[in-house]
Structure formats: structure tokens, C-alpha cells
Amino acid sequence: MIIVQTPLRVSLFGGGTDFRSFYEVEGGCVLTTAIDKYIFVIIKKRFDRKLRVGYTRTEMVDSVEEVEHELIRESFRKTGISQGVEIDTMGDIPSAGSGLGSSSTVTVGALNAMHHLLGHTVTQDVLAKEACEIEIDILKKPIGIQDQYIAAFGGFRFLEFKPDGQVVVDRVHLSDDSIRLLNDNLMLFYTGINRKSEDVLFEQNHHISRHFSILCEMKDMAYIARDELQKGNLDVLGEMLHKSWLLKKQLGTKISNGIIEEIYQAALRGGAIGGKISGAGGGGYLLLYCPYERQSSVREALRNLQELPFRLEYYGSKVIFDYAR
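Mapping of the sequence shown onto this note's numbering: position 177 corresponds to residue 219, and the numbering continues sequentially without gaps.
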């Protein structure tokens, strides 16, 4: 039996510039971090030839083609597994519509588990590329390529997407004080709104050419935010998150709505400096930057929402248990 732990993520700046239709023209970048909330994949060989897949439901089938969980099915195909395996996924949060990159986290974790079961040695870069191939090239998801890379690499990262398809993965070097303050000053609240990210992203991806100048500005903000963080200017992050959220809302009609705006304005009145809906938008989790001393007021303002305490995570997808008979 093998257990793989893969982190979810909070994307801070540059989201949308990781779509191929943008970065193949302009080049893109994101400032993003893994967090200490995970999806676990458990895999083991079976005594028979069947495939068993467990998630919110259980599938027991005779062939890969019969597997309905498309991310697991295509991971089987990518790694060459065709029989005699059972695999289960479980997460620290409900995976659907969270805005924390759960689909790509599942894909990276499943690939890592399958490769390890087969005795393959694969790099973080290979895991990310294979996950992109499954989600974007095979399943035709209208998504970018940042989530797969942060799930595979982990840490606080600056990702650059070159027009030729190269992805440069750099660790953002922060002082211990900056890491402590980020852990103290970032907050996540579940909006209570569940949505399919594909519904939000399809519109955004379809109109990228129309919003090219906005995406270029959001790309520039990612570079500035990285530099300010490395200088230790953390409160600037909150101000820039607010400005970035105002820009992001212009990318599509489904990114925000009246309920989200009410929640966000209540958080600002409570003392948050800035924030954004994590991921595609439209629901899921609200990320806030709020000085620690004001957080009780924010919690009171958002008392009807569930908070998700979290900290930054250093590691990406990794095997945490391997028991071989």
C-alpha cells in the first residue's frame, strides 16, 4: 500500500496569464503557494484483475475504459495501469468547486501514486506536465497550467510560462519573519457557494483576446508583488490583492456576484486590507489579507461563514507511506 500526500494551493497574483492562449503570445506568470491542506491518494495492488476506484462513490470495473472518474481513468492510461489495482482519494476539504486547485491536486497525486506503485522514478516537472496533458490536452478542460505545477513542486513559488511552452519554477525566498507574518495575516473563508470552475473559466478563456490589456496588468502585478514580498513589505500584499480583485472581476460575468460582493465588503469593513476569491471565482473560498490584530473583527463580520485555518506548505506531492509486502 502506498499513500501520497499532495497539497492544495492559494494563488495570489497572475491567475489567467497561465492560459495557453495568453502565455503563448505574451508569456505569463503567477505568484502562488501550496498550503497545509491536502488530498491523499491511497493505492494498492489487488488479488484479482479488477480495478476499484473510491471517492465520493465506489467503482468496481473490469477495464480502464469503464472507469467514470475521468482524472483517475486518464491517469491509469498515462501510466499504463490496466488491471489489478485499487485506488482511493480523500481530501481535507470537499474537492468540488473549492477554488484551491483540487482537480489538479487529485491528478498530480494519482499520477505520483501510480508511478510509485510501478517503480517509476519521475520528477516533479514530469508529474506537472503529465497532469497538464491529461486535463488540458486529453479532457479539454478550459483551465490554465499553474495548479499542476504548484501541486507537484509545493512551496511558495513564482511560476513563469514562456511563449515556447517552457515553465520556470522558482522558489520565492522569504525571511522567517515574512513567513510567520504571512501565516498570521492570511485568512480563508468558505463563501458557501459551490460552482464548477469550468463554467467560470470557459467564458474567461473564450474572451482572453478582449481582456489582453487587463491580463498584462495582472501579470505585471505578480512581478511587483514577488519583489515587495522579498523585501518584507507584506502589507502591500493586501492592497495589491484588492486591486487585483477589481481587475479580475472584469475578466468574466461569473467571477463575482451580489453575495460575494456583500461578503467581501463586510470583510473590508471588519479590517481586512484586501482579498480575492481563490481560483476561478464565482464561489468557493475567499482569501483575505488582514493584520492579525484585526482578525477578530473580520471573524465577527463573517460569523456566518466557515473559516479554514491554514499555513504555508513547503513540500509538493510526496509519498508519505509505502508498505510493500
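Ideal Cβ placement from N, Cα and C applies to all residues, glycine included.
Can you tell me the Cα-Cα spacing of residue i and residue j, whole angstroms?
{"i": "residue 66", "j": "residue 339", "result": "44 Å"}
{"i": "residue 330", "j": "residue 168", "result": "33 Å"}
{"i": "residue 302", "j": "residue 232", "result": "11 Å"}
{"i": "residue 93", "j": "residue 110", "result": "12 Å"}
{"i": "residue 117", "j": "residue 344", "result": "40 Å"}
{"i": "residue 316", "j": "residue 161", "result": "46 Å"}
{"i": "residue 262", "j": "residue 79", "result": "29 Å"}
{"i": "residue 347", "j": "residue 91", "result": "46 Å"}
{"i": "residue 207", "j": "residue 313", "result": "41 Å"}
{"i": "residue 49", "j": "residue 327", "result": "16 Å"}
{"i": "residue 134", "j": "residue 52", "result": "15 Å"}
{"i": "residue 264", "j": "residue 198", "result": "13 Å"}
{"i": "residue 318", "j": "residue 309", "result": "11 Å"}
{"i": "residue 151", "j": "residue 298", "result": "30 Å"}
{"i": "residue 221", "j": "residue 213", "result": "13 Å"}
{"i": "residue 101", "j": "residue 95", "result": "5 Å"}
{"i": "residue 204", "j": "residue 181", "result": "23 Å"}
{"i": "residue 88", "j": "residue 128", "result": "6 Å"}
{"i": "residue 126", "j": "residue 157", "result": "15 Å"}
{"i": "residue 159", "j": "residue 191", "result": "22 Å"}
{"i": "residue 336", "j": "residue 269", "result": "26 Å"}
Where does residue i fall in DSSP's three states?
{"i": "residue 177", "result": "helix"}
{"i": "residue 164", "result": "coil"}
{"i": "residue 45", "result": "strand"}
{"i": "residue 202", "result": "strand"}
{"i": "residue 355", "result": "coil"}
{"i": "residue 76", "result": "strand"}
{"i": "residue 348", "result": "strand"}
{"i": "residue 280", "result": "helix"}
{"i": "residue 269", "result": "helix"}
{"i": "residue 61", "result": "coil"}
{"i": "residue 192", "result": "helix"}
{"i": "residue 290", "result": "helix"}
{"i": "residue 341", "result": "helix"}
{"i": "residue 336", "result": "helix"}
{"i": "residue 92", "result": "coil"}
Apart from the five residues on each side of it in sequence, which residues of its chain come closer than 6 Å, Cβ to Cβ, to residue i?
{"i": "residue 186", "result": "60, 61"}
{"i": "residue 229", "result": "330, 332"}
{"i": "residue 195", "result": "166, 211, 358"}
{"i": "residue 132", "result": "82"}
{"i": "residue 362", "result": "45, 47"}
{"i": "residue 147", "result": "48, 50, 81, 193"}
Can you find the residues in the same chain that come closer than 8 Å, C-beta to C-beta, to residue i, ignoring five residues on each side of it along the sequence?
{"i": "residue 178", "result": "62, 185, 187"}
{"i": "residue 219", "result": "274"}
{"i": "residue 384", "result": "The question about residue 384 has no answer, for the chain in this structure spans 43 to 367."}
{"i": "residue 321", "result": "53, 57, 140, 141, 142, 143, 239, 327"}
{"i": "residue 24", "result": "Because the chain is modelled from 43 through 367, residue 24 falls outside the range shown and cannot be assessed."}
{"i": "residue 356", "result": "76, 196, 197"}
{"i": "residue 175", "result": "120"}
Leaving aside the five residues before and after residue i along the sequence, list all residues of the same chain whose C-beta is less than 7 Å from its C-beta, in chain order.
{"i": "residue 289", "result": "256, 259, 260"}
{"i": "residue 153", "result": "117, 120, 121, 169, 172, 173"}
{"i": "residue 416", "result": "The requested residue 416 does not occur in the structure, where the chain is confined to residues 43 to 367."}
{"i": "residue 365", "result": "43"}
{"i": "residue 293", "result": "58, 246, 253, 256"}
{"i": "residue 277", "result": "315"}
{"i": "residue 334", "result": "226, 227"}
{"i": "residue 115", "result": "106, 109"}
Quick check on residue i - is its C-beta less than 9 Å from some C-beta in chain C?
{"i": "residue 293", "result": "Considering every chain present, this structure includes no chain C. It has just one protein chain."}
For this session: Would you mind listing the alpha helix (DSSP H) stretches within the stretch 106-161 that are 4+ residues and don't spill past its ends, in chain order?
Result: 112-121, 144-160
Problem set entry | alpha helix (DSSP H) runs contained entirely in the stretch 213-264, provided each spans 4 or more residues | 218-227, 239-248
Exercise. At which residue ranges does the stretch 292-331 contain complete alpha helix (DSSP H) runs of 4 or more residues, listed in the order of the chain?
Worked result: 300-312
Problem set entry | the stretch 272-289 contacting the stretch 104-118, beta-carbon criterion three pairs below 8 Å | no
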